[in-house]
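**Student:** All residue numbers for the sequence shown refer to the numbering used here, where the first residue is 2 and numbers rise by one. Before I ask anything, let me first share the structure, which is written out below as structure tokens.
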Amino acid sequence: MRLSVRKTDPGYHPMAWGAVVYLNGQKIRGCFTADEEKGEIFLLKKDSNGAYVKNAAGDDIEVERKTGEVRIVVPVGFKL
């Protein structure tokens, strides 16, 4: 399953905000797209202090892609 909070993503679902995503067994916070089949998640990149990392132009936050075993737990009442 692919699930995303981004309306332009093919996995978009309005209830995606309530899902919990795990990567290699660890709960991930701040993930905006997760794909179990591809084994990848996307989130906004943070530095070692927890601050968001801006792109070179300084006008947007960088996106980080992580891979591994992805598990998505959807909220009760979630319907595709």
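All C-beta atoms, glycine included, are put in the ideal place defined by N, C-alpha and C. Given the structure is predicted, the values throughout are model-derived calculations rather than measurements.
Give the straight-line distance between the Cα atoms of residue 56 and residue 9, rounded to the nearest whole angstrom.
**Tutor:** 21 Å
**Student:** Go through its chain and collect everything with a Cβ distance to residue 46's Cβ below 8 Å, but skip five positions before and after it.
**Tutor:** 53, 54, 62, 63, 64, 65
**Student:** With residue 76 and residue 19 assumed to form a contact (beta carbons below 8 Å), what rounded beta-carbon distance in angstroms separates them?
**Tutor:** 4 Å
**Student:** When DSSP labels each residue in this structure, what does residue 20 get in the three-state scheme?
**Tutor:** coil
**Student:** Residue 39 and residue 3 - do their beta-carbons sit closer together than 9 Å?
**Tutor:** yes
**Student:** What does the alpha-carbon distance come out to for the pair residue 72 and residue 21?
**Tutor:** 8 Å
**Student:** For residue 34 and residue 80, what's the separation of their Cα atoms in angstroms?
**Tutor:** 17 Å
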